[in-house]
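Undergrad: This is the structure, below, for whatever I ask next.
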Amino acid sequence: MSKQRDEITVVTPKKRLFELNIGETLRYKDLIALFVKNDFKTRYKQMLLGPLWAVIQPLLTTIVFTVVFGNIAGLPTDGAPKFMFYMCGNVLWNYFASCLNGAANSFSGYAYLFSKVYFPRLVGPLSTAIGNMVNSGIQVLIFFGFLIYYIVTGGVQPTYTLLWLAPLLVLQVTMIGMGIGLFLSSVTIKYRDLKMLISFGVQLWLYATPIAYATSLVKEKIPSLFSLYMLNPMASVCEAMRFIFLGTGSISVKYLLISLGVSVLFFLLGIVMFNRAEKTFTDKI
Numbered sequence: 000m001s002k003q004r005d006e007i008t009v010v011t012p013k014k015r016l017f018e019l020n021i022g023e024t025l026r027y028k029d030l031i032a033l034f035v036k037n038d039f040k041t042r043y044k045q046m047l048l049g050p051l052w053a054v055i056q057p058l059l060t061t062i063v064f065t066v067v068f069g070n071i072a073g074l075p076t077d078g079a080p081k082f083m084f085y086m087c088g089n090v091l092w093n094y095f096a097s098c099l100n101g102a103a104n105s106f107s108g109y110a111y112l113f114s115k116v117y118f119p120r121l122v123g124p125l126s127t128a129i130g131n132m133v134n135s136g137i138q139v140l141i142f143f144g145f146l147i148y149y150i151v152t153g154g155v156q157p158t159y160t161l162l163w164l165a166p167l168l169v170l171q172v173t174m175i176g177m178g179i180g181l182f183l184s185s186v187t188i189k190y191r192d193l194k195m196l197i198s199f200g201v202q203l204w205l206y207a208t209p210i211a212y213a214t215s216l217v218k219e220k221i222p223s224l225f226s227l228y229m230l231n232p233m234a235s236v237c238e239a240m241r242f243i244f245l246g247t248g249s250i251s252v253k254y255l256l257i258s259l260g261v262s263v264l265f266f267l268l269g270i271v272m273f274n275r276a277e278k279t280f281t282d283k284i
């Protein structure tokens, strides 16, 4: 009769600033799935319409943008139908903002578990990002429904040869949101009042991104600052998405590469700061 040996797991702090431990994180895939399911349930708990808000919210926002910016302000949409122009931008921005806010709250949101049981801390923001993909997936389906209608009626003409680029751009948006969110989560542990500025900063960033207007408007009105404006990684992504699905605007390889570089920089910086804060955050929360 053989004796069963008890497995002992030794948890040590990370020694390197940049350390993802993807293999270890993937071993907790069941926990990630549980967090995603729990997040989806609690997000719409005790709501009258429940998950329908994932559909209602982008539709209402798009209608408001269409009326205010499209009809009243008369901002150009580069020939695209106003409703589709604003819906494309809003769906993309909602996903980015939810990734950023979710990652920014990853330490405080899971603090009650971090101090009691061990699991890779990256599981928190990763499960949040996946949950946001599920929520945004509902919005994307609604967008595709309207897109098919406008294609059939001749309102838009997608650039079919570049459809393969769309998933890569979504991955880039995930990197930007998670990178900045992880950076903010590591900073707000010590300076909690900065949390009040996150939502305000996201709103300001919205208006510094071509969501309510076309990039061509910026190039026309302030040409001297256009290159500086395009350092915003979300600007090139938004413009590329509209070119792919609506056939309006243009794609600049130069600015897309700059956007990708800035996105990778944000992501790496976020991981470094997250790893540094991970070692002592339970003492600060």
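Mapping the sequence shown onto numbering that gives the first Met the number 0, position 35 (from 1) lands on 34, and the numbers just tick up by one. Glycine is no exception: its CB is placed at the ideal position from the N, C-alpha and C atoms.
In its own chain, which residues sit with a C-beta less than 6 Å from the C-beta of Leu255, not counting the 5 before and 5 after it?
TA: Ser235
Undergrad: Would you call Pro57 buried or exposed, if buried means 16 or more other Cβ atoms sit within 10 Å of its Cβ?
TA: When all chains shown are included, Pro57 counts as buried.
Undergrad: Tell me the start and end of each unbroken alpha helix (DSSP H) in the region 209-271 that is at least 4 residues and wholly inside, in chain order.
TA: 214-220, 225-228, 232-245
Undergrad: Would you check if there are 3 or more beta carbon pairs closer than 8 Å linking the region 206-221 to the region 171-185?
TA: no
Undergrad: Out of Pro232, Lys220, Tyr149, Thr127, point me to the one whose CA is closest to Gln171's CA.
TA: Pro232
Undergrad: Rounded to whole angstroms, what's the CA-CA distance from Thr61 to Cys98? Just pull it up for me.
TA: 20 Å
Undergrad: Please state the DSSP three-state secondary structure of Val155.
TA: coil
Undergrad: Kindly confirm or deny that the region 236-245 and the region 80-94 touch, where touching means at least three C-beta pairs closer than 8 Å.
TA: yes
Undergrad: Put Thr76 into one of helix, strand or coil per three-state DSSP.
TA: DSSP places Thr76 in the coil class of the three-state scheme, outside both helix and strand.
Undergrad: Among Leu168, Phe64, Pro124, which has the Cα closest to the Cα of Leu30?
TA: Pro124
Undergrad: Which of the three DSSP states, helix, strand or coil, is assigned to Ile129?
TA: helix
Undergrad: Please go through the same chain and pick out, in chain order, the residues whose beta-carbon is closer than 6 Å to the beta-carbon of Tyr159, but skip the five residues on each side of it.
TA: none
Undergrad: What does the alpha-carbon distance come out to for the pair Phe244 and Phe68?
TA: 21 Å
Undergrad: Assuming Phe266 contacts Gly178 under a Cβ cut-off of 8 Å, what Cβ separation, rounded to an integer in Å, is found between them?
TA: 4 Å
Undergrad: Anyone know if the C-beta pair for Phe82 and Gly176 falls short of 9 Å?
TA: no
Undergrad: When the Cα of Thr173 is compared with those of Gly248, Glu219, Ser262, Ala32, which residue comes out closest?
TA: Ser262
Undergrad: Which class does Leu121 belong to by DSSP, given the choice of helix, strand or coil?
TA: coil
Undergrad: Can you name, in chain order, every residue of its own chain whose Cβ lies under 7 Å from the Cβ of Leu168, other than the five neighbours on each side?
TA: Val236, Ala239, Met240
Undergrad: Short of 6 Å in beta carbon distance, which residues of its chain neighbour Leu74, apart from the five on each side in sequence? Order them along the chain.
TA: Phe68, Tyr212
Undergrad: Please report the straight-line C-alpha distance between Thr247 and Val271, rounded to a whole angstrom.
TA: 38 Å
Undergrad: My output table needs one value for Ile188: the three-state DSSP class, helix, strand or coil.
TA: It is coil, neither helix nor strand.
Undergrad: Give the C-beta separation of Asp77 and Ser251 to the nearest angstrom, bearing in mind that I take them to be a contact with Cβ-Cβ under 8 Å.
TA: Their Cβ separation, rounded to whole angstroms, is 14 Å, which puts Asp77 and Ser251 out of contact at 8 Å.
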